[in-house]
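Numbered by the numbering used here, the letters in the sequence shown go through residues 3 to 111 in order.
Just so you know, even glycine gets a beta-carbon here, dropped at the ideal spot from N, CA and C.
The model shown is predicted, which means the values in this text are computed figures rather than measured ones.
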Amino acid sequence: MIGFPLGLLYANAVEWASHRYLQHGLGKKKDSFWAFHWHEHHRNARKNGHYDPAYHRSVFAWNPQGKEALALAAVSAALLPLFPGAPFLGGTFAYSAADYYPNTNGAHL
3 MIGFPLGLLY
13 ANAVEWASHR
23 YLQHGLGKKK
33 DSFWAFHWHE
43 HHRNARKNGH
53 YDPAYHRSVF
63 AWNPQGKEAL
73 ALAAVSAALL
83 PLFPGAPFLG
93 GTFAYSAADY
103 YPNTNGAHL
């Protein structure tokens with residue numbers, strides 16, 4: 003049962019580190035996979051009062067929303083080996099990854 007609070011703590015730490023170092027750190031480099039976050043998403047959010055019209059796009063295309071969904075799916079797939087030994091920890095990670103996109107999407111629409 004300790005896996006649930008540890009999972010929330012770890013998932014939030016991973017989300018913060020990803021945002022700080024991948025999306026903002028590597029995202030500032032135009033040729034980076036993460037460049038969409040800094041150069042498109044932040045520009046849209048600044049111009050439109052936190053609203054990002056790009057979130058109306060499909061997550062099943064090679065666009066910023068699709069890249070974000072792909073990254074979340076990859077993280078979730080990497081966590082699958084945790085389920086047999088630590089189901090609450092693995093389940094909390096998976097829940098956090100699945101919950102991230104709809105919350106971010108809703109916050110920017």
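Using the rule of at least 16 other Cβ atoms within 10 Å of the residue's Cβ for burial, across every protein chain shown, is residue i buried or exposed?
{"i": "H39", "result": "buried"}
{"i": "Y57", "result": "buried"}
{"i": "P66", "result": "buried"}
{"i": "A13", "result": "buried"}
{"i": "L91", "result": "buried"}
{"i": "L11", "result": "exposed"}
{"i": "F95", "result": "buried"}
{"i": "L82", "result": "exposed"}
In whole angstroms, give me the CA-to-CA distance for residue i and residue j.
{"i": "A99", "j": "K32", "result": "26 angstroms"}
{"i": "A47", "j": "Y53", "result": "5 angstroms"}
{"i": "L28", "j": "A71", "result": "18 angstroms"}
{"i": "G87", "j": "A73", "result": "24 angstroms"}
{"i": "G111", "j": "L8", "result": "In the sequence under discussion, the amino acid at residue 111 is Leu, which differs from the Gly named in the question. Computed Cα separation, rounded: 31 angstroms."}
Going by alpha carbons, who is nearest to residue i out of the options?
{"i": "S20", "options": "F35, L8, W64, P86", "result": "F35"}
{"i": "H44", "options": "G68, Q25, R59", "result": "Q25"}
{"i": "F6", "options": "Y103, L111, G93, A109", "result": "G93"}
{"i": "W18", "options": "F85, A63, W64, Y102", "result": "Y102"}
Quiz item: Where in the segment 65 to 102 do unbroken runs of the alpha helix (DSSP H), each at least 4 residues long, occur, reported from the N-terminal end onward?
Solution: 66 to 80
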